[in-house]
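In terms of the working numbering, the sequence shown has 98 at position 93, counting the first letter as 1, and numbering is strictly consecutive.
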Amino acid sequence: MSRILVVEDEAIVAMSLCLQLRQAGHKPLPPAATGEQAIKLAMEHKPDAILMDINLASSMNGIEASRSIRLFSAAPIIFTSGYTNEDLRRQALTMQPAEYLVKPFSFPRLKIMLAELEQRPQTR
Numbered sequence: 006m007s008r009i010l011v012v013e014d015e016a017i018v019a020m021s022l023c024l025q026l027r028q029a030g031h032k033p034l035p036p037a038a039t040g041e042q043a044i045k046l047a048m049e050h051k052p053d054a055i056l057m058d059i060n061l062a063s064s065m066n067g068i069e070a071s072r073s074i075r076l077f078s079a080a081p082i083i084f085t086s087g088y089t090n091e092d093l094r095r096q097a098l099t100m101q102p103a104e105y106l107v108k109p110f111s112f113p114r115l116k117i118m119l120a121e122l123e124q125r126p127q128t129r
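Structure follows, in structure tokens:
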């Protein structure tokens, strides 16, 4: 079972992801809606993985939040975005995410990805 931080500014999407993660045997942490909340929760809860939306409802986007989180955590980050902007994708890839998923994505695919991440050795 993995502790997963969901960072998503759309409450319905965040609740749905947390529910599906729980049903899949993971332990979703309280979701974050902003980059600032994501940093605070990642520092407090030390997640095993982070599901990070790129476009958040704050001045700090998911890429910027990830840069800050990387200063204290090596937890794998899976970026999600509803936008297919190539420049944004390139920026996200500089953070060396575990994956970059374009919304809407299939939960079974995410579930497989998380299972693979659990098998990887991790340093914090």
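Just so it is clear, CB atoms sit at the ideal spot from N, CA and C, and this is done for glycine as well.
Where residue i falls, given that 16 or more other Cβ within 10 Å makes a residue buried
{"i": "M57", "result": "buried"}
{"i": "E13", "result": "buried"}
{"i": "S64", "result": "exposed"}
CB contact flag (residue i, residue j, <7 angstroms)
{"i": "A70", "j": "G30", "result": "no"}
{"i": "L98", "j": "I55", "result": "no"}
{"i": "F84", "j": "I44", "result": "no"}
{"i": "D53", "j": "R8", "result": "yes"}
{"i": "L61", "j": "G67", "result": "yes"}
Span separating the alpha-carbon of residue i from that of residue j
{"i": "K116", "j": "L26", "result": "8 angstroms"}
{"i": "R125", "j": "L46", "result": "23 angstroms"}
{"i": "Q42", "j": "L119", "result": "22 angstroms"}
{"i": "E91", "j": "Y105", "result": "12 angstroms"}
{"i": "R114", "j": "E15", "result": "21 angstroms"}
{"i": "M20", "j": "Q101", "result": "26 angstroms"}
{"i": "V18", "j": "P109", "result": "10 angstroms"}
{"i": "S86", "j": "Q28", "result": "23 angstroms"}
{"i": "K51", "j": "I74", "result": "10 angstroms"}
Neighbourhood of residue i by C-beta, 8 angstroms cutoff - its chain only, sequence neighbours within 5 removed
{"i": "T89", "result": "V107"}
{"i": "E49", "result": "none"}
{"i": "A103", "result": "A54, P81, I82, I83, M118 and L122"}
Whole-Å CB distance - residue i paired with residue j, under 8 angstroms assumed
{"i": "L122", "j": "P81", "result": "5 angstroms"}
Same chain, Cβ closer than 6 angstroms to residue i, neighbours up to 5 away in sequence not counted
{"i": "F112", "result": "Q25"}
{"i": "A37", "result": "V12, A43 and L46"}
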